[in-house]
Amino acid sequence: MENNQIRNSASDISVFYYLGKAVWSIVRAFFLICIAFVILYPLVYMLSMSFRSAADFYDVTVVWIPKHFTLENYKKIIFEMGMATPLLNTVIISALSTVAQIFIAALTGYGFARFKFKGSMVLFVFVVITIMMPAQMINIPNYLNMRNLDFFGIIELIIGKPSPINLVNTPFAFIVPALFGQGFMAGLFILIFRMLFQGMPVEFEEAATIDGCGYFGTYMRVMLPNSKTALIICSIFSLVWYWSDYYGPYVFLTSIRTLSVYLMDFFNIVNQYLPSAFKGNVYYTIPLQQAACVFSILPLLVMFLLSQKFFRQGLERSGIVG
Amino acid sequence: MKRNTISKKRALAGWMFVLPWFIGLLVFFIQPTAKFLIFSFFDFQMSQTGGYDLLPLENGAFGNYINAWLSDSEYPVAFADAFKTFLYEVPIIVFFSLFVAILLNQDFKGRALMRTIFFLPIILTSGALSLVISRGVGAIAMGVDTSSSTIFDVSLLTELLMNSGISQKIVSAVTGVIASVADLIWDSGVQILIFLIGLLSIPETYYEVARVEGATGWESFWKITFPVICPFIFANMVYTFITACMGINNGVIDYVLVVATENFDYSFASAMMWMYFVAMLVIIGGIFAIFRKMLFNSK
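Residue numbers (the numbering used here), protein chains in the order written: chain A, -7 to 314; chain B, 6 to 304.
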């Protein structure tokens, strides 16, 4: 009798449990699909516009799918309006800066996470301060700084005149600060890596130390491989931010044009290119502009789809399980 | 005695790990920031040769600071607005993104696809592209007001609702809510991913153990998820705070940049920036103090 009652209540609970689960999954799906729609809307709009010919643009019946599907816009921006060079510049600057930035940020984050030394608290406060200072504000003093790059006057002391190292108008204006942990949003990455390493079990390092690894060896052989997912996610962040930053290139580069600067200047460029009858005509410029937008993020989208594997497998529980 | 040498060795190793960053901090941050501070006490003039001159101000060294409050009409207003932004935008974005990240971390069909989609705002909202999108290319073509700040275009929806005979007031309320939710989604792209990094780092086995021991989902959230996610809440609050209050979309920053780059009054801009910066630093310090215990219980 008693046994039976227990069984009954158990099955009641499980009915509610499964019902609740089903309702929840419907609510969740609805919620996520709504958000996904908002996110995809501008992207779909861009794609749709970029494949349109001028005739489709005039046509009110064309809402999303172009009737005259054309690659003409892409051909124009790449081959006639010179969008290939900015792409190359952007790839060089953002890829090299990102590699330098993530390597140093992880190193610094590890230093803050695992070692206590005099002044580590004060320095960590400075990490937060560097995130806060808008790059735009110190860009002008930094510009003056980079024109004659010197480390506390050491170079001037040795050769007796202002340092001849000029980073302005070269990709090094971005790479060198990144190499010294002062790249775009470097502080945020240091913060993330610090938390990540702090959350990892100390046993890993102890095991490595017992096996005879030094501090740096432990870091390189144990800690870095175990934080692969975070390294990849942070690299993607960093790459995207360097890729789309337009304020830095405006200040530090005058003759090298990046994709973001190209996009900002697009209306001037397109007006130089269009025959005078079509100048300022939105029906010709908008499909071109949307094509330029799609083209400028296409490499990011591809890279991003390729990196999906890492999100899917999660952390693979990084040695904790196996 | 031996213990002492080991801790010394560890301290030295710690310094070695942060050394490259420390050099960079001095050269590329402290040095320009100090220059930037000095500018605010003078009248900064770019000279023809590419250098610059610092001329003394008419009303004392703090002239720029005083002028910002007394003779500038826009600065005090923008300054007050920034606090409003901080008080409601930051908590809403952080909670929303934590919620979405937890949803994305659950097991369901199409999770990989959803995660892919949720990564897109980072690509679409950063830098030049977001300006191109938000300045409303579509809006130019449709002849609608181009200054609208939302990426998600609600004009079509407005038209649809108006045509179906709903009163103007209700329509504008509904589209207002939709537009701000859309903005919220776009603003929390990075935060969602930062939370996701944290959630992914929790081994599945912890939850299994909790389930076997009879913990409900609610309990395992507070006992397992929350402690791990806490430092990430801090990181996200700092990040959200900085993008909301220190980004170019903020009223004060926008105004300061206009003064610096269009009026070329760099020293006045510098003075305004410093006052704002110190105020924001106090707020960050407050957040830091709250989360300090969780951040510094290192092993």
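All C-beta atoms in this analysis are idealised placements derived from N, C-alpha and C, irrespective of residue type, glycine included. Fair warning: this is a prediction, and the values are worked out from it, not measured in the lab.
Along the stretch 226 to 261 of chain A, the alpha helix (DSSP H) occurs as fully enclosed runs of 4 or more residues at 239 to 244 and 251 to 256, listed in sequence order. Just so you know, the alpha carbons of residue 246 of chain B and residue 287 of chain A end up roughly 32 Å apart. If you look at residue 211 of chain B, you'll find it in the alpha helix (DSSP H) that goes 209 to 217. Counting along the chain, residue 111 of chain B sits inside no alpha helix (DSSP H), nor does DSSP assign it H or E at all. Following the DSSP letters along the chain, one finds residue 33 of chain B in no beta strand (DSSP E), marked with neither H nor E. Residue 130 of chain B sits close to residue 191 of chain B, with the two beta carbons spaced by under 8 Å.
The CB of residue 20 of chain B comes closer than 7 Å to the CB of 109 in chain A, given here in chain order. Chain B places no beta carbon closer than 8 Å to that of residue 245 of chain A, leaving this residue out of the contacts. 169, 172, 173 and 174: these are the residues of the stretch 151 to 175 of chain A whose beta carbon lies less than 7 Å from some beta carbon of chain B, given in chain order.
Per DSSP, the unbroken alpha helix (DSSP H) holding residue 232 of chain B starts and ends at 231 to 250. Taking 8 Å as the cut-off, the beta carbon of residue 141 of chain A is found no closer than this to the beta carbon of residue 125 of chain B. Interface residue (Cβ-Cβ distance to chain A less than 8 Å): residue 73 of chain B is not classified as such.
Annotated three-state conformation of residue 93 of chain A is helix, per DSSP. Here residue 75 of chain A is not near residue 282 of chain A, since their CB atoms are 8 Å or more apart.
In the DSSP assignment, residue 59 of chain B falls outside any alpha helix (DSSP H) and within the unbroken beta strand (DSSP E) covering 57 to 61. Counting the other CB atoms within 10 Å of its CB gives residue 264 of chain A a total below 16, which places it among the exposed residues. About 26 Å separates the beta carbons of residue 96 of chain A and residue 204 of chain A, which is beyond the 8 Å limit, so they are not a contact pair. The beta carbon of residue 119 of chain A sits closer than 7 Å to the beta carbons of 179, 182 and 183 from its chain, once the five residues preceding and following it are set aside; these are given in chain order. Relative to residue 154 of chain A, the option among A/207, A/164, A/252 and A/143 whose CA is nearest is A/143. DSSP places residue 208 of chain A in the uninterrupted alpha helix (DSSP H) bounded by 207 to 210. Secondary structure within the stretch 74 to 158 of chain A: the alpha helix (DSSP H) runs of 4 or more consecutive residues, fully enclosed, are 76 to 106, 112 to 124, 127 to 139 and 146 to 151 (chain order).
Contact of residue 126 of chain A with chain B is assigned, a C-beta pair being separated by under 8 Å. In the DSSP assignment, residue 47 of chain B falls within the unbroken beta strand (DSSP E) covering 47 to 51. Just so you know, the alpha carbons of residue 15 of chain A and residue 22 of chain A end up roughly 11 Å apart. Distance between residue 243 of chain A and residue 236 of chain A, taken at the CA atoms: about 14 Å. By the CB criterion at 8 Å, residue 191 of chain A and residue 206 of chain B fall inside the cutoff. The alpha carbon of residue 80 of chain B has as its nearest neighbour, out of B/17, B/255, B/288 and B/269, the alpha carbon of B/255.
Boundaries of the alpha helix (DSSP H) harbouring residue 186 of chain A: 178 to 191, taken from the DSSP string. For residue 194 of chain B, the enclosing alpha helix (DSSP H) stretches over residues 194 to 205. Exposed is the label assigned to residue 301 of chain A, since fewer than 16 other Cβ atoms lie within 10 Å of its Cβ.
At a cut-off of 8 Å between C-beta atoms, residue 28 of chain A counts as an interface residue with respect to chain B. Under the 10 Å beta carbon count, residue 273 of chain B is surrounded by 16 or more other beta carbons and is classified as buried. Excluding residues up to 5 positions away in sequence, 283 lie with their Cβ nearer than 6 Å to the Cβ of residue 66 of chain A in the same chain. In this structure residue 19 of chain B is in contact with residue 112 of chain A, their Cβ atoms being roughly 7 Å apart against a cut-off of 8 Å. With respect to the 8 Å criterion, residue 200 of chain B and residue 234 of chain B are classified as neighbours on the basis of their beta carbons. Chain-ordered, the chain B residues with CB closer than 9 Å to the CB of residue 137 of chain A read 32, 33, 36, 37 and 40.
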